[in-house]
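Visitor: One structure is given below, represented as structure tokens, and several questions about it will come after.
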Amino acid sequence: MTVQSILLRFSYFEHDWITEDIDGPEAGEAVLMRVASEGDWFEVEGAEPEEFDTLDALAEGAERVIAGEWQMPAAAVRLPVDRLRTLIADGGWTFAAGEFSEFVGNHHDTEMLVKLVRDR
0 MTVQSILLRF
10 SYFEHDWITE
20 DIDGPEAGEA
30 VLMRVASEGD
40 WFEVEGAEPE
50 EFDTLDALAE
60 GAERVIAGEW
70 QMPAAAVRLP
80 VDRLRTLIAD
90 GGWTFAAGEF
100 SEFVGNHHDT
110 EMLVKLVRDR
């Protein structure tokens, strides 16, 4: 049996909105929540994630940063993770691996990358 795999990324795209006139933490929270609620997981190519073995562990790691360190709502992680859970269930996928990366100045946005697999 052949195994199909896919890499999906969710990005908060800070580089697209970081230059907006965001006045204070409440305004930043509103933009972050808008991106979390409207953003999509999209297919990418590249290196496979290795940081987390379960979707729950990925969500916990992302929440530790976004809700813990940044003091933003945990829903900023839960909304995209819930959409991913739906994609997994609807497509017959299994979570294989994931990683979370934080925003770094001119280098990259805050993102979650996952590898999903299924039998064909």
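Residue 0 is where the sequence shown starts when you use this note's numbering, and the numbers rise one by one after that.
Glycine residues also receive a C-beta, built at the ideal position from the N, C-alpha and C atoms.
Owing to the predicted nature of the structure, the values given are computational and were not obtained by experimental measurement.
Going by beta carbon distance, what residues of the same chain come within less than 6 Å of T93, once the five residues before and after it are set aside?
Guide: Only V116 meet the Cβ criterion.
Visitor: Could you name each continuous alpha helix (DSSP H) segment of 4 residues or more that falls completely within the region 21–64, going from the start of the chain to the end?
Guide: List check, alpha helix (DSSP H) in window: 24–37, 54–62.
Visitor: Output the boundary residues of the alpha helix (DSSP H) element that contains D118.
Guide: Unbroken run through D118 is the beta strand (DSSP E), 110–118; no alpha helix (DSSP H).
Visitor: Below 9 Å between beta carbons: does that hold for V113 and L31?
Guide: No. Outside cutoff.
Visitor: What beta strand (DSSP E) runs, 3 residues minimum, are completely inside the region 60–94?
Guide: As far as the region 60–94 is concerned, it has no whole beta strand (DSSP E) run of at least 3 residues.
Visitor: Within 9 Å (strictly less), CB to CB, does L7 reach chain B?
Guide: Given the protein chain composition of this structure (a single chain), no chain B is represented.
Visitor: Count the other CB atoms, across all protein chains shown, that sit within 10 Å of the CB of A75; report buried if there are 16 or more and exposed otherwise.
Guide: Buried, because 16 or more other Cβ atoms sit within 10 Å of the Cβ of A75.
Visitor: Under 9 Å, do L54 and R84 count as touching if we go by C-beta distance?
Guide: Yes.
Visitor: Is the separation between the beta-carbon of D39 and that of R77 shorter than 9 Å?
Guide: No, these two residues do not count as a Cβ contact at 9 Å.
Visitor: When the Cα of P48 is compared with those of R63, F99, Y11, which residue comes out closest?
Guide: Residue F99 is the option with its Cα nearest to P48.
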